[in-house]
Amino acid sequence: MADAPNTPRRKKLGLHWQIIIGLVLGIVVGLIVNVAWTSNTWASMGVDNPAAFLAGDAAAVLEDGSPANADPSVVARTVRFVRNSVDFLGDLFMRCLRFIAVPIVLFSLIVGVSSLNNIAKLSRIGGKTIGIYLVTTAVAISFGLLLANIVRPGNFVPQETRDQLLLTYQAEAEEDQQTAARGQAQSGWERLVNLVPSNPFGAIAGGNMLQIVVLSLAIGIGLTLVPTARSGPVIAFCEGMTDAIIKLVEILMRTAPVAVFALIVIVVADLGLDVLGALLVYSLCVVGGLALMAVVVYPLVLKLFTGVGPGRFYKAIAPAQLLAFSSASSSATLPVTMECVEKRLGVKEEVSSFVLPLGATINMDGTALYQGVAAVFIAQLYSMNLGLGDQLAIVGTATLASIGTAGVPGAGVVMLVIVLQSVGVPLEGIAAILGVDRLLDMCRTTCNVTGDAMVATVVAGTEGELSSAEEVERRLAEEEARGFDESPPN
Ligand code: ASP
38 MADAPNTPRR KKLGLHWQII IGLVLGIVVG LIVNVAWTSN TWASMGVDNP AAFLAGDAAA
98 VLEDGSPANA DPSVVARTVR FVRNSVDFLG DLFMRCLRFI AVPIVLFSLI VGVSSLNNIA
158 KLSRIGGKTI GIYLVTTAVA ISFGLLLANI VRPGNFVPQE TRDQLLLTYQ AEAEEDQQTA
218 ARGQAQSGWE RLVNLVPSNP FGAIAGGNML QIVVLSLAIG IGLTLVPTAR SGPVIAFCEG
278 MTDAIIKLVE ILMRTAPVAV FALIVIVVAD LGLDVLGALL VYSLCVVGGL ALMAVVVYPL
338 VLKLFTGVGP GRFYKAIAPA QLLAFSSASS SATLPVTMEC VEKRLGVKEE VSSFVLPLGA
398 TINMDGTALY QGVAAVFIAQ LYSMNLGLGD QLAIVGTATL ASIGTAGVPG AGVVMLVIVL
458 QSVGVPLEGI AAILGVDRLL DMCRTTCNVT GDAMVATVVA GTEGELSSAE EVERRLAEEE
518 ARGFDESPPN
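For any residue, its number in the numbering used here is found by taking its place in the sequence shown, counting from 1, and adding 37.
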């Protein structure tokens with residue numbers, strides 16, 4: 038219900054603060070469960086195979102053939118219910134984000150390109166975007182290599198721990214290698230030609246982001262070439278759809294604090310804390326490198342090309358960063374990144390709707406940096422010395438491999454297979470780092486999304502498509518005054 042005319046609106050806690058509270062609570066509760074809940078706890082409740090029990094596998098058996106979960110107690114069933122409910126909430130939220138990602142790219146990019154009305158400008162923005170993406174990715178991976186060569190994290194893992202890690206995660210590592218092998222079956226030319234969808238509806242149905250970008254560009258260009266009487270209604274339809282979807286993002290984001298709690302609590306509860314101890318120096322190397330990008334590189338580039346300060350930038354994109362951290366997926370975070378960059382940072386839609394979807398698929402600074410550290414770390418575990426030539430090969434391969442890789446959890450490890458192959462480091466070594474991969478995935482995805490937002494700001498700034506901080510404040514204040522629940526503006 039709308040407030041009475043003279044009742045002042047109560048100032049609500051900012052969205053990013055609410056998400057931070059969800060995140061911190063999720064970490065605390067997850068840690069408590071992680072430490073307090075051991076396999077003995079399960080056994081005392083009649084559950085001998087927790088994974089099968091949680092998945093509802095009634096027929097699970099132990100190695101000796103006896104039933105694994107013979108007589109689970111009521112408490113055990115309640116725990117399962119709570120865990121599955123939390124899982125459900127997190128999955129539902131991620132699904133809603135993915136549901137929004139395809140239509141928001143499609144409609145907003147068509148609107149962006151057709152309103153640009155200028156093919157020369159479009160090619161300039163395209164060239165600039167891809168150029169900056171490639172350069173920042175190469176810089177990130179070089180930082181990763183530098184850090185790993187200076188710190189030498191491999192030297193901090195005793196031989197016994199190495200063997201144990203390789204053994205524990207062997208099966209998962211093999212799975213990643215198989216996934217990578219399937220992807221590699223395509224040649225460079227095939228990948229290039231595949232950018233053009235042979236069936237646009239197939240591209241949309243399959244959620245192939247790069248093909249959707251190409252498709253939207255093509256339709257947008259087509260619309261600029263027909264008389265306004267014909268193109269007008271189509272553009273108006275796409276504009277209406279974009280507005281409607283953005284409203285859906287706003288509604289969805291109101292549930293983000295709870296969803297972030299649900300996503301994080303499960304990850305932390307399942308985290309192998311003992312493994313984290315063994316891989317601490319390696320993990321710190323990755324996180325330190327990512328922090329370097331966020332604190333030094335991005336603010337520097339922003340200041341140099343746009344004059345936007347780190348305070349304004351980070352305050353605007355905080356919700357997207359927090360979501361990227363919680364979901365470990367830049368594609369799922371895309372709708373929120375677009376909302377933050379447009380509304381809170383002031384990048385015009387025609388730039389953001391082109392630069393951000395492209396970035397979510399091809400720009401992965403955090404992933405590239407992580408691959409640099411991981412490749413050198415694994416080589417160190419095998420006492421291999423990577424020379425300058427090898428390290429340059431890593432920069433080249435990782436930069437190219439990042440193009441066309443979907444922004445989904447775990448994609449970086451699959452790409453790592455290709456990077457290791459290029460320098461002859463044993464692929465089995467991937468098993469050594471899998472224990473902490475989800476945690477590092479969350480951190481690198483945050484960097485990936487930050488990098489995308491930074492490039493969108495730089496491109497907009499250099500094209501005169503960036504609103505001033507005052508203008509953004511004014512618009513946000515107007516929107517707040519209008520009230521979210523009230524009838525739509527005319
Ligand atoms: N999860 C990352 C992303 O979505 C990719 C990766 O695995 O590094 O950006």
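All C-beta atoms, glycine included, are put in the ideal place defined by N, C-alpha and C.
Since the structure is predicted, the reported quantities are computational estimates derived from the model, not experimental observations.
* Cross-strand partners of Leu32 (DSSP beta bridge) -> For the chain, the structure presents residues 38 to 527; residue 32 sits outside this window and is missing.
* **Of the residues Asn422, Gly93, Ser367 and Pro446, the one placed nearest Leu182, counting alpha carbons only** => Reading the sequence shown from its first residue, position 145 is the one you call residue 182. Answer by Cα proximity: Asn422.
* To do: Rank Lys380, Leu371 and Leu143 by C-alpha distance to the C-alpha of Val271 and give the top, closest one.
  => Here residue 271 is taken as the residue at index 234 of the sequence shown, counted from 1. Of the listed residues, the one whose Cα sits closest to Val271 is Leu143.
* **Simplified DSSP assignment, three categories, for Leu91** => Stepping through the sequence shown from its first residue, residue 91 is reached at position 54. In the three-state reduction of the DSSP assignment, Leu91 falls in the helix class, which pools H, G and I.
* Which residues bound the alpha helix (DSSP H) around Lys284? -> Looking up residue 284 in the sequence shown gives position 247. Looking at the DSSP string, the run of the alpha helix (DSSP H) that includes Lys284 is Thr265 to Arg291.
* **First through last residue of the alpha helix (DSSP H) which encompasses Tyr170** => By one-based count along the sequence shown, residue 170 stands at place 133. DSSP places Tyr170 inside the alpha helix (DSSP H), whose first and last residues are Ile156 to Val188.
* Asked: If you check the beta carbons only, do Cys480 and Leu327 fall under 8 Å apart?
  -> Taking the sequence shown and counting its residues from 1, the one referred to as residue 480 is at position 443. Taking the sequence shown and counting its residues from 1, the one referred to as residue 327 is at position 290. In this structure, Leu327 lies closer than 8 Å to Cys480 by Cβ.
* Just reading off the alpha helix (DSSP H) that Met131 is part of, what are its end residues? -> Stepping through the sequence shown from its first residue, residue 131 is reached at position 94. Counting along the chain, the alpha helix (DSSP H) containing Met131 begins and ends at Val111 to Leu153.
* To do: Inspect the CB distances between the segment 377–387 and the segment 231–241 and report whether three or more fall short of 8 Å.
  => Output reads no: the segment 231–241 does not touch the segment 377–387.
* Touching or not, the segment 427–436 and the segment 499–514, by the rule of three or more beta carbon pairs under 8 Å? -> Below 8 Å, too few C-beta pairs join the segment 427–436 and the segment 499–514 to call them touching: fewer than three.
* Confirm, please, whether the CB-CB distance from Ala405 to Thr436 is below 8 Å. => Sequence index remark: in the sequence shown, residue 436 carries index 399 (1-based). Sequence index remark: in the sequence shown, residue 405 carries index 368 (1-based). Closer than 8 Å, so yes.
* Buried versus exposed, by CB contacts within 10 Å (16 or more), Ala39 -> Position 2 of the sequence shown holds residue 39. Because the pLDDT at Ala39 is just 44, under 50, the model does not fix this residue reliably, and the value given afterwards should be weighed accordingly. Counting other Cβ atoms within 10 Å of its Cβ, Ala39 stays below 16 and is therefore classed as exposed.
* To do: Please report the Cβ distance between Met246 and Ala88, rounded to the nearest whole angstrom; I am assuming they are in contact, meaning their Cβ atoms lie under 8 Å.
  => Taking the sequence shown and counting its residues from 1, one reaches residue 246 at position 209. Taking the sequence shown and counting its residues from 1, one reaches residue 88 at position 51. About 33 Å separates the two Cβ atoms, so there is no contact after all.
* To do: Label Asp522 either buried or exposed according to how many other C-beta atoms from any shown protein chain fall within 10 Å of its C-beta, with 16 as the threshold for buried.
  => To locate residue 522, count along the sequence shown from 1; it is residue 485. Any answer about Asp522 is weak, because its pLDDT of 48 lies below 50 and its placement is not dependable; what the coordinates show is given next. Asp522 is exposed by the Cβ-count criterion.
* Asked: If you draw a straight line from the C-alpha of Val338 to the C-alpha of Val495, how long is it?
  -> On the sequence shown, position 301 is the one that residue 338 refers to. On the sequence shown, position 458 is the one that residue 495 refers to. If I take the Cα positions, the gap works out to 8 Å.
* Closer than 7 Å: Met491 CB and nearest the ligand ASP heavy atom -> As a working note, residue 491 is residue 454 in the sequence shown. For Met491, the shortest separation between its Cβ and any heavy atom of the ligand ASP does not lie below 7 Å.
* Residues with C-beta closer than 6 Å to any heavy atom of the ligand ASP, in chain order -> Checking every Cβ against the heavy atoms of the ligand ASP under 6 Å gives Ala365, Ser366, Ser367, Met401, Thr404, Gly444, Val445, Pro446, Gly447, Ala448, Gly449, Asp478, Arg481, Thr482 and Asn485.
* Asked: In whole angstroms, what separates the C-alpha of Val72 from that of Ile64?
  -> On the sequence shown, residue 72 is found 35 positions in, with the first residue counted as 1. On the sequence shown, residue 64 is found 27 positions in, with the first residue counted as 1. Their backbone Cα atoms lie some 12 Å apart in a straight line.
* Asked: So, Ser320 versus Leu477, is the Cβ gap smaller than 8 Å?
  -> For the purposes of this step, residue 320 is identified with residue 283 of the sequence shown, where counting begins at 1. For the purposes of this step, residue 477 is identified with residue 440 of the sequence shown, where counting begins at 1. Yes, they are a contact pair.
* **Other residues of its chain near Leu153: CB distance less than 6 Å, five sequence neighbours each side excluded** => Taking the sequence shown and counting its residues from 1, the one referred to as residue 153 is at position 116. Leu159 and Glu387, listed in sequence order.
* Exposure of Pro195, with buried meaning 16 or more beta-carbon neighbours within 10 Å -> For the purposes of this step, residue 195 is taken as the residue at position 158 of the sequence shown. Per the 10 Å Cβ criterion, exposed.
* Following the continuous alpha helix (DSSP H) through Asp311, name the residue where it begins and the one where it ends. => The residue you call residue 311 lines up with position 274 of the sequence shown. Start and end: Leu310 to Ala315.
* Is Leu260 near Ser151, with beta carbons less than 8 Å apart? -> For the purposes of this step, residue 260 is taken as residue 223 along the sequence shown, with counting starting at 1. For the purposes of this step, residue 151 is taken as residue 114 along the sequence shown, with counting starting at 1. By the CB criterion at 8 Å, Leu260 and Ser151 fall inside the cutoff.
* Where does Leu310 land, buried or exposed, given buried means 16+ other C-beta within 10 angstroms? -> Within the sequence shown, the letter at position 273 stands for residue 310. Note on Leu310: under 16 other CB atoms within 10 angstroms of its CB, so exposed under the neighbour-count rule.
* **Same chain only: Cβ atoms within 6 Å of Leu470, ignoring 5 sequence neighbours per side** => Counting from one through the sequence shown, the residue named residue 470 turns up at place 433. The sequence as given places Ile at residue 470; Leu does not occur at that position. Its chain contains Ala411 as the residues whose beta carbon lies nearer than 6 Å to that of Ile470, once the 5 sequence neighbours on both sides are disregarded; these appear in chain order.
* Would you check if the segment 292–301 and the segment 53–60 touch, i.e. whether three or more CB-CB distances between them fall below 8 Å? => They touch, by the three-pair rule.
* Is the segment 460–470 touching the segment 412–421 in the sense that three or more CB pairs, one from each, lie closer than 8 Å? -> The segment 412–421 vs the segment 460–470: in contact.
* Asked: Which whole-angstrom value is the C-beta distance of Leu464 and Gln408, which I expect to be below 8 Å?
  -> Indexing the sequence shown from 1 puts residue 464 at position 427. Indexing the sequence shown from 1 puts residue 408 at position 371. That pair is no contact at about 13 Å.
* Asked: Taking the alpha-carbon positions, what's the Met491 to Glu500 distance?
  -> If you number the sequence shown from 1, residue 491 lands on position 454. If you number the sequence shown from 1, residue 500 lands on position 463. Computed Cα separation, rounded: 14 Å.
* Asked: Are the Cβ atoms of Gly403 and Cys322 separated by less than 8 Å?
  -> Here residue 403 refers to the residue found at position 366 of the sequence shown. Here residue 322 refers to the residue found at position 285 of the sequence shown. Between Gly403 and Cys322, the gap from beta carbon to beta carbon reaches 8 Å or more.
* For Ser110, which residues of its own chain have a beta-carbon under 7 Å away from its beta-carbon, when the five flanking residues on both sides are left out? -> Your numbering for residue 110 matches position 73 in the sequence shown. Closer than 7 Å at the Cβ level, and outside the excluded window around Ser110, lie Met82 and Gly83.
* To do: May I ask you to report which of helix, strand or coil DSSP gives Pro234?
  => Numbered from 1 along the sequence shown, position 197 holds the residue referred to as residue 234. It is coil, neither helix nor strand.
* So Val384 and Ala306 are in contact, right, with Cβ under 8 Å, and what is the actual spacing, rounded? -> Your numbering for residue 384 matches position 347 in the sequence shown. Your numbering for residue 306 matches position 269 in the sequence shown. Taking the Cβ atoms as the reference, Val384 lies roughly 38 Å from Ala306, outside the contact range of under 8 Å.
* 4-residue-minimum alpha helix (DSSP H) runs that sit fully inside the segment 342–383, ordered along the chain -> Qualifying alpha helix (DSSP H) stretches, in chain order: 347–364 and 367–376.
* Mind checking whether Val345 and Leu360 have CB atoms under 8 Å apart? -> Counted from its first residue, the sequence shown places residue 345 at position 308. Counted from its first residue, the sequence shown places residue 360 at position 323. It is not a contact, given that the beta carbons lie outside the stated cut-off.
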